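K.L.:
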């Protein structure tokens, strides 16, 4: 009778390996999938834009020259947000050659949310306009703080901004305010949105109050890109809003920009 021989060592190892992988495969089939990480309650976005010029409340800020602009926002799902926005400017130096302040920096924070089934929305907060630079002695700094509150329904939004400080360098102009009614209506054609706006800037204790208005279109290009065109005009007093270079800052203009949101 021929004696039974033990399997070779390599065969034993192979059989053991097959058994191991088979068992692992079976266990893997019944193992629970790892739990997905919970979505963050915070969102961070950034934006950058190139415009034919910087217009703010209808007034030229870069003396008809292009502007590069950008900023970022941090928001919480509760509605709380903080942000910063920046642009090149020239209006301070254009009005006084002894001033060197080529940048506007805005810092803001607030709370916004919806109600009434999502058709209504509101926004309240504070905004600080900061213009770093060199100013001559006795010059009224243009730094401005505004408190704002707004309410909207659908594509229409009404906002009121109040300045407890002097307004953009106007001496003794505390308690100035700005009212703004805007509408951004999707046209459901070619990715276009109609942009309409009318506002009134009250500059306390001066002859500098005026109205401004805008009518334009924005096209969504996809992947965060959009392009905008608009007609902008004001009825600002030429004797108040003509800079040292002889340009009327409230003159009507055609305006365009391209932007990217990240």
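In mature numbering (1 follows the signal peptide of the UniProt record, and there is no 0), the protein residues as written are -28 to -1, 1 to 234.
Glycine included, C-beta positions come from ideal geometry on N, C-alpha and C.
Predicted model only: the values in this text are computed from it and were never measured.
Is residue 64 helix, strand or coil by DSSP?
P.N.:
Three-state result, residue 64: helix.
K.L.:
Go ahead and pull the three-state DSSP assignment for residue 159.
P.N.:
Coil at residue 159, not helix or strand.
K.L.:
Between the Cα of residue 169 and those of 163, 59, 202, spot the shortest distance and give me the residue it belongs to.
P.N.:
Among 163, 59, 202, the Cα nearest to that of residue 169 belongs to 202.
K.L.:
Distance check for residue 28 and residue 179, CA to CA, integer angstroms please.
P.N.:
Roughly 19 Å separates the two Cα atoms.
K.L.:
With distances taken Cα to Cα, identify the nearest neighbour of residue 153 among 12, 122, 162, 34.
P.N.:
Cα-wise, what sits closest to residue 153 is 122.
K.L.:
For residue 66, count neighbouring C-beta atoms within 10 Å of its own C-beta (all shown protein chains included) and say buried if the count is 16 or more, exposed if not.
P.N.:
Flag for residue 66 reads buried.
K.L.:
Could you tell me which residues DSSP puts in a beta bridge with residue 48?
P.N.:
DSSP, once it has assigned bridges, lists 14 as partnering residue 48.
K.L.:
Can you give me the C-alpha to C-alpha distance between residue 117 and residue 103, rounded to a whole angstrom?
P.N.:
Between residue 117 and residue 103, the C-alpha separation is close to 12 Å.
K.L.:
How is residue -3 classed by DSSP in three states: helix, strand or coil?
P.N.:
Low confidence applies here, because residue -3 scores a pLDDT of 43, under 50, leaving its location unreliable; read the following figure in that light. Here residue -3 sits in helix by DSSP.
K.L.:
Would residue 71 be called buried (16 or more neighbouring beta carbons within 10 Å of its own) or exposed?
P.N.:
Buried, because 16 or more other Cβ atoms sit within 10 Å of the Cβ of residue 71.
K.L.:
Would residue 175 pass as a contact of residue 139 if the rule is Cβ separation under 8 Å?
P.N.:
In this structure, residue 139 lies closer than 8 Å to residue 175 by Cβ.
K.L.:
Could you tell me the distance, in whole angstroms, from the CA atom of residue 222 to the CA atom of residue 15?
P.N.:
Roughly 37 Å separates the two Cα atoms.
K.L.:
If residue 57 sits next to residue 78, beta carbons under 8 Å apart, how far is it from one beta carbon to the other, in whole angstroms?
P.N.:
Yes, residue 57 and residue 78 are in contact; Cβ-Cβ is about 5 Å, under 8 Å.
K.L.:
Could you give the first and the last residue of the continuous beta strand (DSSP E) run that contains residue 73?
P.N.:
Here residue 73 belongs to no beta strand (DSSP E), and DSSP marks it neither H nor E.
K.L.:
Taking the straight line between their C-alpha atoms, what separation do you get for residue 12 and residue 52?
P.N.:
Spanning the two alpha carbons is a distance of roughly 14 Å.
K.L.:
Check the Cβ-Cβ distances between residue 35 and every residue of chain B, and say whether any is below 8 Å.
P.N.:
The structure shown contains no chain B; it holds only a single protein chain.
K.L.:
Please classify residue 195: does DSSP put it in a helix, a strand, or coil?
P.N.:
Residue 195: coil per DSSP, three-state reduction.
K.L.:
Could you check what DSSP says for residue 228 in three-state terms: helix, strand or coil?
P.N.:
Three-state DSSP puts residue 228 in a strand.
K.L.:
Would you identify the three-state DSSP class for residue 180, choosing helix, strand or coil?
P.N.:
DSSP places residue 180 in coil when its eight states are reduced to three.
K.L.:
Mind checking whether residue 233 and residue 19 have CB atoms under 8 Å apart?
P.N.:
Cβ atoms of residue 233 and residue 19: closer than 8 Å.
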